[in-house]
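>
Residue numbers (UniProt numbering): 1 to 473.
#1: Specify the secondary structure class of residue 278 as computed by DSSP and reduced to three states.
#2: Leaving out the 5 sequence neighbours to the left and right, which residues in its chain are closer than 6 Å to residue 233 when beta-carbon positions are compared?
#3: Restricting to Cα atoms, I'd like to know which of 274, 146 and 421 is closest to residue 316.
#4: So, is residue 467 buried or exposed, given that buried needs 16 or more other C-beta atoms within 10 angstroms?
#5: Quick test of the definition: if touching needs 3 or more C-beta pairs under 8 Å, does the stretch 333 to 352 touch the stretch 299 to 312?
#6: Given this structure, state the Cα-to-Cα distance separating residue 36 from residue 91, to the nearest angstrom.
#7: Taking only the alpha-carbon atoms, compute the straight-line gap between residue 354 and residue 148 and give it to the nearest angstrom.
#8: Our contact map puts residue 152 next to residue 276 with C-beta atoms below 8 Å; I'd like the distance itself, whole angstroms only.
#9: Name, in chain order, the residues that DSSP records as bridge partners for residue 303.
#10: Tell me whether residue 6 sits in a helix, a strand or coil according to DSSP, three-state version.
#11: Since I believe residue 361 is in contact with residue 415 (beta carbons under 8 Å), could you give me their beta-carbon distance rounded to a whole number of angstroms?
#12: Among the candidates 239, 205 and 219, whose CA atom is the shortest distance from the CA of residue 159?
#13: Find the nearest neighbour of residue 54 within the set 60, 42 and 38, judged by alpha-carbon distance.
#14: Can you give the Cα-Cα distance for residue 202 and residue 262, rounded to whole angstroms?
#15: Pair every Cβ in the stretch 426 to 437 with every Cβ in the stretch 70 to 83, then say whether three or more of these pairs are closer than 8 Å.
#16: Who pairs with residue 153 in a beta bridge, going by DSSP?
#17: From residue 21 to residue 84, what does the alpha carbon distance come to, in whole angstroms?
#18: Out of 42, 96, 156 and 86, which has the shortest C-alpha to C-alpha gap to residue 326?
#19: Exposed or buried, what is residue 295 when buried is set at 16 or more other beta-carbons lying within 10 Å of its beta-carbon?
#20: Taking the DSSP output, what are the residues bridged to residue 433?
#21: Pull the bridge partners of residue 198 from the DSSP assignment, please.
#22: Within the continuous beta strand (DSSP E) that includes residue 395, where are the two ends?
#23: On the criterion of 16 or more Cβ atoms from any shown chain inside 10 Å, does residue 47 qualify as buried, or is it exposed?
#24: Answer with buried or exposed for residue 41, where buried requires no fewer than 16 other C-beta atoms within 10 angstroms of its C-beta.
#25: Could you tell me the alpha carbon to alpha carbon distance between residue 404 and residue 382, rounded to whole angstroms?
#26: Should the stretch 100 to 118 be called in touch with the stretch 200 to 214, which here means at least 3 C-beta pairs below 8 Å?
#27: On the DSSP bridge assignment, give the partners of residue 387 in chain order.
#28: Within the same chain, show all residues whose beta-carbon is closer than 7 Å to that of residue 472, passing over the 5 residues directly before and after it, in chain order.
#29: Which partner residues does residue 60 have in the DSSP bridge list?
#30: Using only CA atoms, which one of 199, 195 and 172 lies nearest to residue 187?
#31: Drop a sphere of 10 angstroms on the beta-carbon of residue 215, count the other beta-carbons inside from all chains shown, and report buried for 16 or more, exposed for fewer.
#32: Decide if the stretch 133 to 144 is in contact with the stretch 359 to 375; the criterion is three or more beta carbon pairs, one per stretch, under 8 Å apart.
#33: Can you give me the Cβ contacts of residue 406 inside the same chain, cut-off strictly under 7 Å, excluding the 5 residues immediately before and after it?
#34: From what residue to what residue does the alpha helix (DSSP H) around residue 54 run?
#35: Taking all protein chains shown into account, do 16 or more other C-beta atoms lie within 10 angstroms of the C-beta of residue 338, making it buried, or fewer, making it exposed?
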């Protein structure tokens, strides 16, 4: 057993032994707390509609609800809980800060806790990037880091338009919604940030050009190159191009390496700062410390949040020093001095590096992907399995539907929702995303083991079998 497995074994094993979802479906009926939540909480709440649980206890990859039912958590705070729930090194880091009497909140004043966090972030960065990097502490959410990146690049370039991609998700503020793809949260809002030019994202299974593989990458790059070079394109010189190396909410779509390399070539040739949003796919999630590293590129700006706070709210932007031209106070935020989050984040980053969780995520991610592919071979309604590391997805399709130009069946949103519920009834929490909410997403804690993945595979097979039997009746 590895060191990171050993430190979480006690509490996690207790919860694992309580898991009974394989033997009998769980109860997902409403409770008084869920009813009160429905009555009092905003209609914008989302996760409780699909995952109607009252969570009371958690350890490692397991959570326990108010009925005592234990679930395997493959959502993990949308990737925030890199080390799972209540990891000992995070609890110890938080406890030490609280016991030491250091200030919990310092705006952007320096503290030893903050300096330790900054040094750990810089140690995680590729050396070429770190040598010329500056860091900006932002508000507590990832969206604020993206807003900061947009403001910085506009200030540094004197330009205003932004190139963004279909399927992107960068946050829920007005600025980040403007550069995100999903239409649902935009429809009621009217005008958003102007000057956003939408580009096609390479998606091998659902290619916007109707082709796949290297040909799709070539067409995609040619389109962008034409847009940048055509004096009649209607697109003014961009202040930035922003992308996710792996689109998460867009359906777990990994950008091809050659495509990222070509985009880096074009953005450098045209003097366009490249912003890479690593908020979900960064910090070992993809089997690399940062998702862009697999392609070998060096961006100008990186946005980080989620895992860097060890489960507590924190976001930063790291960027090339040549862009550091804005004035004092040009971007601020009251809670950018969250000392507990910095201490938890430092402990998380050190543990990831010391315990080799980057390599572990690559290895066990490949193992999980094989489990999903085996499931795909059994059930025709699993159309595609994709992703990298421990950021994976399965697109659910209607095998009886009309095939698209690439020969793939249409998505089946209803079946995806039913499969998510079947998984929940057997003690597995997964999320949906992608076009029409038809991609089942897996974001388990990085500490998950192959043995635990085998257990997840058993649940998935039982849930899929139950769903298929129900469909046949």
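Cβ coordinates follow ideal geometry from the N, Cα and C atoms, glycine included. Quick caveat: nothing in here was measured; it's all calculated off a predicted structure.
Let's see:
#1: Note: residue 278 maps to coil in three-state DSSP.
#2: For residue 233, where only same-chain residues beyond five positions count, the Cβ hits under 6 Å are 227.
#3: For residue 316, the closest of 274, 146 and 421 by C-alpha to C-alpha distance is 146.
#4: Using a 10 angstroms sphere on the CB of residue 467, the tally of other CB atoms reaches 16 or more, which defines it as buried.
#5: Segments in contact, yes.
#6: About 31 Å.
#7: The alpha-carbon atoms of residue 354 and residue 148 are separated by roughly 31 Å.
#8: Not confirmed; about 14 Å, so no contact.
#9: DSSP output for residue 303 lists 277 and 317 as bridge partner(s).
#10: Residue confidence is low: residue 6 scores 48 on pLDDT, short of 50, so the model does not pin down where it sits. Its coordinate-derived value is still stated next. Residue state, collapsed to three classes: helix.
#11: Contact between residue 415 and residue 361 fails: their C-beta atoms lie close to 29 Å from each other, not under 8 Å.
#12: The candidate whose alpha carbon is nearest that of residue 159 is 239.
#13: Of the residues 60, 42 and 38, the one whose Cα lies closest to the Cα of residue 54 is 38.
#14: Across the structure, residue 202 and residue 262 are spaced so that their CA atoms are roughly 12 Å apart.
#15: Contact holds between the stretch 426 to 437 and the stretch 70 to 83, because three or more Cβ pairs, one in each stretch, are under 8 Å apart.
#16: Answer by DSSP bridge pairing: none, since residue 153 is not bridged.
#17: Distance between the alpha carbons of residue 21 and residue 84: 20 Å.
#18: Per the C-alpha coordinates, the member of 42, 96, 156 and 86 positioned closest to residue 326 is 156.
#19: Label assigned to residue 295: buried.
#20: Note: residue 433 sits in a beta bridge opposite 439.
#21: In DSSP, residue 198 forms a bridge with 164.
#22: Note, residue 395: beta strand (DSSP E), 391 to 396.
#23: That one is exposed.
#24: The Cβ neighbour count for residue 41, taken over all protein chains shown within 10 Å, is under 16; the residue is labelled exposed.
#25: Between the alpha carbons of residue 404 and residue 382 lies a distance of about 16 Å.
#26: Touching, no, given that fewer than three Cβ pairs across the two stretches are closer than 8 Å.
#27: In the DSSP output, where bridge partners are listed per residue, residue 387 has 392.
#28: Note that residue 472 has pLDDT 48, beneath the 50 cutoff, so the model's placement of it is unreliable and the number below is only indicative. Excluding sequence positions up to five before and after residue 472, its CB lies less than 7 Å from no other CB in the same chain.
#29: Paired residues: 85.
#30: Between residue 187 and the set 199, 195 and 172, the nearest pair of CA atoms involves 172.
#31: Exposed.
#32: They do not touch, by the three-pair rule.
#33: Cβ within range, chain order: 207, 210 and 212.
#34: Residue 54 -> no alpha helix (DSSP H), and no H or E assigned at all.
#35: Classification for residue 338: buried.
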